[in-house]
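Note that the numbering used here gives residue 191 to position 191 of the sequence shown, counting from 1, and the numbers run on in steps of one.
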Amino acid sequence: MSVFTNIYLNFSKRKFLKPFKPLSTKKRRSFLVSAPTQAAEFVKVIPYVTGLKKIGDIVMIAPQHHETICSFIKPKNFQIIFYNIPPLVLSKEYDGLKRQLSQKRFHYIIELNKPANISLPYLTTTERRICLYDQTKFPYYNIMLRDSAESLCSFFATKKYDPKKIFTFYVQDIKSTMKKYKKKRPLLFVNGTDKIDWQGDTITIGKDISADSPEAYKLLVGADAYSGQHDVFYEFAKIFSREILE
Numbered sequence: 001m002s003v004f005t006n007i008y009l010n011f012s013k014r015k016f017l018k019p020f021k022p023l024s025t026k027k028r029r030s031f032l033v034s035a036p037t038q039a040a041e042f043v044k045v046i047p048y049v050t051g052l053k054k055i056g057d058i059v060m061i062a063p064q065h066h067e068t069i070c071s072f073i074k075p076k077n078f079q080i081i082f083y084n085i086p087p088l089v090l091s092k093e094y095d096g097l098k099r100q101l102s103q104k105r106f107h108y109i110i111e112l113n114k115p116a117n118i119s120l121p122y123l124t125t126t127e128r129r130i131c132l133y134d135q136t137k138f139p140y141y142n143i144m145l146r147d148s149a150e151s152l153c154s155f156f157a158t159k160k161y162d163p164k165k166i167f168t169f170y171v172q173d174i175k176s177t178m179k180k181y182k183k184k185r186p187l188l189f190v191n192g193t194d195k196i197d198w199q200g201d202t203i204t205i206g207k208d209i210s211a212d213s214p215e216a217y218k219l220l221v222g223a224d225a226y227s228g229q230h231d232v233f234y235e236f237a238k239i240f241s242r243e244i245l246e
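Rendered as structure tokens:
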């Protein structure tokens, strides 16, 4: 962050001190949600964010490296806008994102990264701005969640959405991918270096397939068990109830 940008943010934060007005519980809301930059955290919060669609419309901004994961999300859940660099006030990326959002009006901004990006409140005139608890981010954010994104459910009186209904994988597509890699069930998805005693085929990240390949997720969903790191693939293994081998 440049010295000039830092000065601008510090001297302009008083604009956010105005108290917000209550919003009618009967009125449909609109949400601008900033997705976690870490892939595993992104997958964890998606069910809570998707639950908000029962009470309003959602626009999510997410880093470009989430594009593969998002390609498996049903488009009717919410709109997704990708960015290459986290938006920072007075930057080219920030100006481009602001133009994309210029015709939209939001009742809430929800920042799910910690520390919260204090440039996001400048994108809109939204009065209600939510982040994970961090008193140093006031008044940029004026509603703070003490716990994780799960607190969104209690705050908005919504329910966690079933993640199996969020991510779409087609049986025929999975079968053709397994055939392409010459894999049969029982199949173990290996995402690490530890050797596991397994009677059957294996598919190994970094050896048989790249972690960046969309086909890796199809093979994981088609697998019977998972072994390895507790990262985004681990989260998918839990969602689709694959056996976890520690």
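For each residue, glycine too, the CB sits at the ideal point set by N, CA and C.
Since the model is a prediction, treat every value here as computed from it, not as a measurement.
Asked: The alpha helix (DSSP H) that contains Tyr-48, what's its start and end?; Found: 39-50
Asked: Using beta-carbon positions only, say whether Ile-69 and Ala-40 come within less than 8 Å of one another.; Found: no
Asked: Would Gly-200 pass as a contact of Leu-187 if the rule is Cβ separation under 8 Å?; Found: yes
Asked: Measuring straight from C-alpha to C-alpha, what distance separates Ile-61 and Tyr-122?; Found: 14 Å
Asked: So, are the CB atoms of Ile-81 and Gln-100 less than 8 Å apart?; Found: yes
Asked: Cβ atoms of Ile-73 and Phe-31: under 8 Å apart, would you say?; Found: no
Asked: Leaving out five residues on either side along the sequence, give the residues of the same chain with a beta carbon under 7 Å from the beta carbon of Ile-143.; Found: Arg-128, Arg-129 and Ile-130
Asked: Identify, in the order they occur along the chain, each residue of the same chain with its Cβ nearer than 6 Å to the Cβ of Asn-84, setting aside the five sequence neighbours on each side.; Found: Gln-64
Asked: Go ahead and pull the three-state DSSP assignment for Ile-118.; Found: coil
Asked: Going by CA-CA distance only, name the one from Ser-2, Ser-148, Thr-124 and Thr-126 that's closest to Asp-134.; Found: Ser-148
Asked: Nearest to Ser-241 by CA position, among Leu-220, Gly-228 and Gln-229, is which residue?; Found: Leu-220
Asked: Could you check if Ala-157 is buried or exposed, using at least 16 other CB atoms within 10 Å of its CB as the buried criterion?; Found: exposed
Asked: Rounding to the nearest angstrom, what Cα-Cα distance links Thr-50 and Asn-191 in this structure?; Found: 28 Å
Asked: For Ile-7, count the other beta carbons within 10 Å of its own beta carbon; 16 or more makes it buried, fewer makes it exposed. Which is it?; Found: exposed
Asked: Taking the Cβ atom as the reference point for each residue, do Leu-245 and Ile-196 lie within a distance shorter than 8 Å?; Found: yes
Asked: Hey, Phe-189 and Ile-174: beta-carbon distance below 8 Å or not?; Found: no
Asked: Taking all protein chains shown into account, do 16 or more other C-beta atoms lie within 10 angstroms of the C-beta of Glu-111, making it buried, or fewer, making it exposed?; Found: buried
Asked: Mind checking who Arg-128 pairs with in its DSSP beta bridge?; Found: Tyr-108
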